Amino acid sequence: GSVAVFSRFPVRMVAPDATTTKAKTVLKKDTVLQSKQAGKVDAAKPKRKTVEELEELPMFKVFLLGDDTYEQEHICKSLMDTVEDMDIKRAEEIHQTAQEAGQALVTILAQEPAEFVVEQLLRKEPMIFSELEEV
Numbered sequence: 003g004s005v006a007v008f009s010r011f012p013v014r015m016v017a018p019d020a021t022t023t024k025a026k027t028v029l030k031k032d033t034v035l036q037s038k039q040a041g042k043v044d045a046a047k048p049k050r051k052t053v054e055e056l057e058e059l060p061m062f063k064v065f066l067l068g069d070d071t072y073e074q075e076h077i078c079k080s081l082m083d084t085v086e087d088m089d090i091k092r093a094e095e096i097h098q099t100a101q102e103a104g105q106a107l108v109t110i111l112a113q114e115p116a117e118f119v120v121e122q123l124l125r126k127e128p129m130i131f132s133e134l135e136e137v
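Numbered per our numbering, the sequence shown finishes at 137, counting up by one with no gaps.
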């Protein structure tokens with residue numbers, strides 16, 4: 003049969019804002035220890051990492067690259083669909099800046115979510131070009 007495992011600790015996911023430059027994660031592992039005395043299986047308490055042991059995640063800037071073929075409506079809709087907490091006003095500003103300056107900052111995220119945004123924009127029809135830059 004299958005075994006369901008539930009964490010006793012609440013999980014809270016929060017999207018980083020533009021002022022966040024580094025995110026820290028705490029890695030916890032539940033281990034099962036075999037008790038030699040009675041042959042029982044005891045669940046060990048997860049060990050918490052100290053502040054010094056926290057792993058820093060590298061953050062990445064996602065830039066929209068300017069292109070004369072872009073239609074503002076398509077870019078704005080795609081940004082709102084792909085980037086969390088993106089509103090129409092901000093999407094329009096990003097589009098305008100990218101057209102004028104050649105590129106515009108869209109968001110700052112950890113590596114995997116930033117790569118996901120770039121991939122999702124590339125999959126739009128027509129494609130939207132963006133790039134990553136490590137903070």
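By construction, the Cβ of each residue, glycine as well, lies at the ideal position given by its N, Cα and C atoms.
Note that the structure is predicted; figures quoted are calculated from it, not measured.
Outcome for residue i when other beta-carbon atoms lying within 10 angstroms are tallied against a minimum of 16
i: Val-137; result: exposed
i: Ala-103; result: exposed
i: Glu-133; result: exposed
i: Ile-130; result: buried
i: Ile-77; result: buried
i: Leu-35; result: Summary for Leu-35: the model assigns pLDDT 44, below 50, so the residue's position carries little reliability, and this model does not support an answer.
i: Thr-23; result: The predicted model places Thr-23 with a pLDDT of 49, which falls under 50 and marks its position as unreliable; any figure quoted below should be read in that light. It counts as exposed.
Top-ranked residue by Cα proximity to residue i, from the options
i: Leu-124; options: Phe-62, Tyr-72, Asp-87; result: Tyr-72
i: Leu-59; options: Lys-126, Ser-132, Pro-115; result: Pro-115
i: Glu-127; options: Asp-87, Met-88, Asp-89, Glu-75; result: Glu-75
Distance CB(residue i)-CB(residue j) smaller than 8 angstroms
i: Phe-65; j: Ala-112; result: no
Three-state secondary structure (DSSP) of residue i
i: Leu-59; result: strand
i: Glu-2; result: What is shown of the chain runs 3 to 137, which leaves residue 2 out entirely.
i: Ile-110; result: strand
i: Val-119; result: helix
i: Glu-127; result: coil
i: Glu-102; result: helix
The segment 112 to 120 in contact with the segment 89 to 102 per 3-pair CB rule at 8 angstroms
no
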